[in-house]
Amino acid sequence: MAAQANKIAVHSLSDLKNTTDDALPAYFHTLKFKQIHKQTDVRLVLGYSAVIIAGALFYYDWKFGWEASKPYTAPAVAAYFILNSAFSYWLWFVEAGTVYEGEGKTGRVRIASSTKKHIPVYEADVFFTPAPTSSNPEQKIHIRAPMTRWFTSDGYFVAKPFQQWLASEIPVVGAADPSNVVEEIGRGSETERVLNVTGNNAIDVLEQLKASGAKVSTGSGRRRKA
Numbered sequence: 000m001a002a003q004a005n006k007i008a009v010h011s012l013s014d015l016k017n018t019t020d021d022a023l024p025a026y027f028h029t030l031k032f033k034q035i036h037k038q039t040d041v042r043l044v045l046g047y048s049a050v051i052i053a054g055a056l057f058y059y060d061w062k063f064g065w066e067a068s069k070p071y072t073a074p075a076v077a078a079y080f081i082l083n084s085a086f087s088y089w090l091w092f093v094e095a096g097t098v099y100e101g102e103g104k105t106g107r108v109r110i111a112s113s114t115k116k117h118i119p120v121y122e123a124d125v126f127f128t129p130a131p132t133s134s135n136p137e138q139k140i141h142i143r144a145p146m147t148r149w150f151t152s153d154g155y156f157v158a159k160p161f162q163q164w165l166a167s168e169i170p171v172v173g174a175a176d177p178s179n180v181v182e183e184i185g186r187g188s189e190t191e192r193v194l195n196v197t198g199n200n201a202i203d204v205l206e207q208l209k210a211s212g213a214k215v216s217t218g219s220g221r222r223r224k225a
């Protein structure tokens, strides 16, 4: 299990979380998931629109003076306030900590991560829709794990245990990456079955993947630690 070259401060909770967040797109890319940027695009449009209005008013006032810009000041301030309020609402209540959203052959997934002060535990609200996404309802699970599971004591990120955790906890990820599904994040699965994940059997499929991993490990007589 190779570690990433960039070393971080293990006592910095923000560094631990940000590095973990940054590892999500790279992992999903290897699973052929296409990242969805819709929420980010809306946030950027709202933010840049507010900045453009403020900048345009400042330039007009500087170029033509207060008297010329006075009729436009109140509408511009109102528009800036509305856009800034919409930006804040979108950031806190729509995105709500979303760090990744994407879609692959096994379904769609959106992950919103968080941490609690001084506690190096990575928590995530995971919203997933098994394929076919047009006919299955969205489901939600909450997962959490200590970040020491995928960071070395000297501050290097190790991808394998992080990927095993995601594949073992999120059905649509486990279906896309069955080789990383482990039972109790401890025993490897070498199954290569083609899985049909639907809204009704997503959790059952994940349990089957874990069970198949247990059988493989029992046969080999070894217990592989993540």
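Position 65, counted from 1, in the sequence shown is what numbering that gives the first Met the number 0 calls 64; the numbers after and before it change by one each time, with no gaps. Note that the Cβ used here is the ideal one computed from N, Cα and C, for glycine as well. If you're wondering where the values come from, they're calculated on a predicted model, not measured in any experiment.
For the alpha helix (DSSP H) containing Lys16, list its first residue and its last residue. Unbroken alpha helix (DSSP H) run through Lys16: Leu12 to Thr29.
Starting from the C-beta of Gly106, find all residues in its chain whose C-beta is less than 7 Å away, skip the five residues before and the five after it, and write them out in chain order. So the list reads Phe127, Thr128, Pro129, Ala130, Thr132, Val171 and Val196, once near-sequence residues are dropped.
Beta-carbon within less than 8 Å of Arg226's beta-carbon, same chain only, minus the 5 sequence neighbours each way: which residues are those? Because the chain here runs from 0 to 225, residue 226 falls outside it and cannot be looked at.
Using only the alpha-carbon positions, how far apart do Arg186 and Ala174 sit? At Arg186 the pLDDT is 39, less than 50, meaning the model places this residue with poor confidence; the figure from the coordinates comes in the next sentence. Roughly 17 Å separates the two Cα atoms.
Three-state secondary structure assigned by DSSP to Phe92: Helix, per DSSP.
Report the rounded CA-to-CA distance for Asp20 versus Ser112, giving the unit in angstroms. C-alpha separation (whole angstroms): 8 Å.
So, do the segment 80-93 and the segment 13-30 have three or more beta carbon pairs nearer to each other than 8 Å? Not touching, per the Cβ criterion.
Hey, could you find the ends of the alpha helix (DSSP H) Arg148 is sitting in? No alpha helix (DSSP H) holds Arg148; DSSP gives it neither H nor E.
Helix, strand or coil for Asn5 per DSSP? Three-state DSSP puts Asn5 in a strand.
Cβ distance (whole Å) where Gly103 is taken to contact Leu30 below 8 Å: Gly103 to Leu30, Cβ: 6 Å. Contact.
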